[in-house]
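Just below is one structure, and these are the notes that go with it.
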Amino acid sequence: MWEFEQPDAPGLGRDATPKQKLMNWIQEKLPPELPITNFTSDWNDGRAIGALVDACAPGLFPDWNKRDPRNALENAKEAMDLAERYLGIPQLIHPHEMINPRVDEQSMMTYLSQYPSAKLKPGAPIKPKTNSARVRCYGKGSLNKCSFYLTWTKKCTKFS
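Heads up: the sequence shown is residues 728 to 887, going by our numbering.
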């Protein structure tokens, strides 16, 4: 059994292949707005690896979803550099290989299989993230309060 496996977890039965187990783990870690179904083309814009880095260490790469998919190499390089430096995940493949439409599936699986056991190192530049779309206010006068808190939240979550 892999270190990250839970024996009773759905979809992770004894008959699941290592490939299926890794894919299930990744799918559980990543947000639903980033559907991952393979170890090749879904990783080509560099945003998925950024999301995985942030899922393993919340706040390490919080703005992965704001990255331009056209800057794939920059996205992948920054995420993989953060993973290497602060999660101890060596770059078994290079960022330019990850963004290649013909990336080797086995190489990707080998690289990604390091993430379930990643541990955050001290000194990592963790940035808080507040999703202003999830801010809710209730009660009398809530519209004005909500507007105030939403504005305040947006100001407080801007980083230089």
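Where is the CB? At the ideal position from N, CA and C, for every residue including glycine.
Per-residue DSSP class, three states only, for E755: As a working note, residue 755 is residue 28 in the sequence shown. Of the three classes helix, strand and coil, the one that applies to E755 here is helix, per DSSP.
Distance between P745 and P795 (C-alpha atoms, nearest Å): In the sequence shown, the residue the question calls residue 795 occupies position 68. In the sequence shown, the residue the question calls residue 745 occupies position 18. Note that residue 795 corresponds to Asp in the displayed sequence, not to Pro. Spanning the two alpha carbons is a distance of roughly 32 Å.
N- and C-terminal bounds of the alpha helix (DSSP H) containing S834: Translated into positions along the sequence shown, residue 834 becomes position 107. According to the DSSP assignment, S834 belongs to the alpha helix (DSSP H) that extends over E832 to L839.
Segments assigned alpha helix (DSSP H), at least 4 residues, entirely inside the segment 763-798: At a cut-off of 4 residues, the continuous stretches assigned as alpha helix (DSSP H) that sit fully inside the segment 763-798 are 774-783.
Under the three-state DSSP convention, the category Q818 falls into: Here residue 818 is taken as the residue at index 91 of the sequence shown, counted from 1. Coil, per DSSP.
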